[in-house]
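Peer 1: Please see the structure below; I have some questions.
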Amino acid sequence: MIDAHTPDAEHPGTGGVAGADPAAGDPRVLVVTVPADSTRLPALRRRLGRWLDGRGVTGPLRDDVVLAADEAVANSVEHGYRERLGGLVGVTVTVLEESVTLVVVDHGAWKPPAPDREDARGWGLRMVAALAERLDVVHANGRTTVTAHFRRDAGCRG
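According to full-length UniProt numbering, the residues represented by the sequence shown are 1 to 158, in order.
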């Protein structure tokens, strides 16, 4: 689904979070493209939070999905596009009666952090795994796909 998305140029008022809709007319699916720039994360969090609110995903589950999206996109920016400017990260969220699925895709060249790093970083995908019912990370065909599955009745798992 994310591959069908053609990212638009930055849209005024969106904080650089462009939305196109290959699933046009399906109110259960949000598809956005975010520039691989950590300064765009607040706009993504706001947009995703409002969109989830409008679909009845509120409270701890809403917060978990927004935080998971933020962490997954931040990982794409830091690890996928560390040495390359101008990258894009695709975000797709699907809300069904019993579940919410978050898919984050980048086409960067993932590089693990240097082994001698002594900072307290590197917790992003572990945090997503703790928040979600299930987390899948696939590196294939020149892209990385992170898929987080949430049960609507699960609330906050933290």
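Think of the CB as a built atom: it goes at the ideal place given N, C-alpha and C, for glycine as much as any other residue.
Do E133 and H107 come within 8 Å of each other at the CB atom, strictly closer than that value?
Peer 2: Taking the sequence shown and counting its residues from 1, one reaches residue 107 at position 107. Taking the sequence shown and counting its residues from 1, one reaches residue 133 at position 133. Not closer than 8 Å, so no.
Peer 1: Alpha carbon to alpha carbon, how far is D53 from V138? Give it in angstroms, no decimals.
Peer 2: Locating residue 138 in the sequence shown gives position 138, where the first residue counts as 1. Locating residue 53 in the sequence shown gives position 53, where the first residue counts as 1. Taking the straight line from one Cα to the other gives about 29 Å.
Peer 1: Please state whether the Cβ-Cβ distance between D70 and L88 is less than 8 Å.
Peer 2: Your numbering for residue 70 matches position 70 in the sequence shown. Your numbering for residue 88 matches position 88 in the sequence shown. Their beta carbons are not under 8 Å apart, which means D70 does not touch L88 by this criterion.
Peer 1: Quick one: residues in its chain with C-beta nearer than 8 Å to the C-beta of G80, no 5 flanking neighbours on either side, listed in chain order?
Peer 2: Looking up residue 80 in the sequence shown gives position 80. Excluding residues within five positions, the ones whose Cβ falls inside 8 Å are A36, G87, V89, D106, H107, G108, A109, W110 and T144.
Peer 1: Following the continuous beta strand (DSSP E) through R47, name the residue where it begins and the one where it ends.
Peer 2: Position 47 of the sequence shown, counted from the start, is the residue given in the question as residue 47. Per DSSP, R47 belongs to no beta strand (DSSP E); it is in the alpha helix (DSSP H), L41 to D53.
Peer 1: Between which two residues does the alpha helix (DSSP H) holding G59 run?
Peer 2: In the sequence shown, counting from the first residue as 1, residue 59 sits at position 59. G59 to N75 is the span of the alpha helix (DSSP H), which, as asked, contains G59.
Peer 1: Applying the criterion that 16 or more other CB atoms from any shown protein chain within 10 Å of the CB defines a buried residue, is R126 buried or exposed?
Peer 2: As a working note, residue 126 is residue 126 in the sequence shown. Exposed, since its Cβ has fewer than 16 Cβ neighbours within 10 Å.
Peer 1: Identify which residue in N141, R152 and T39 has its Cα closest to the Cα of E78.
Peer 2: As a position in the sequence shown, residue 78 is number 78, starting the count at 1. The shortest C-alpha separation from E78 is found at T39.
Peer 1: By alpha-carbon positions, which one of D153, D136 and V128 ends up nearest to D64?
Peer 2: Taking the first residue of the sequence shown as position 1, residue 64 is located at position 64. Ranking the options by Cα distance to D64, first place goes to V128.
Peer 1: Is R62 buried or exposed, if buried means 16 or more other CB atoms sit within 10 Å of its CB?
Peer 2: Locating residue 62 in the sequence shown gives position 62, where the first residue counts as 1. Buried.
Peer 1: Could you give the residue range of the alpha helix (DSSP H) that holds R126?
Peer 2: For the purposes of this step, residue 126 is taken as the residue at position 126 of the sequence shown. Counting along the chain, the alpha helix (DSSP H) containing R126 begins and ends at G124 to L131.
Peer 1: How many Å lie between V146 and T94 at the Cα?
Peer 2: As a working note, residue 146 is residue 146 in the sequence shown. As a working note, residue 94 is residue 94 in the sequence shown. V146 and T94: Cα-Cα distance of roughly 14 Å.
Peer 1: Which word fits A140, buried or exposed, when buried means at least 16 other C-beta atoms lie within 10 angstroms of its C-beta?
Peer 2: Sequence index remark: in the sequence shown, residue 140 carries index 140 (1-based). Answer is exposed; the Cβ neighbour count stays below 16.
Peer 1: So, are the CB atoms of R151 and S99 less than 8 Å apart?
Peer 2: As a position in the sequence shown, residue 151 is number 151, starting the count at 1. As a position in the sequence shown, residue 99 is number 99, starting the count at 1. Contact: yes.
Peer 1: Looking only at its chain, what residues have a beta carbon closer than 7 Å to the beta carbon of L96, apart from the 5 residues adjacent to it on each side?
Peer 2: Locating residue 96 in the sequence shown gives position 96, where the first residue counts as 1. Hits under 7 Å: R28.
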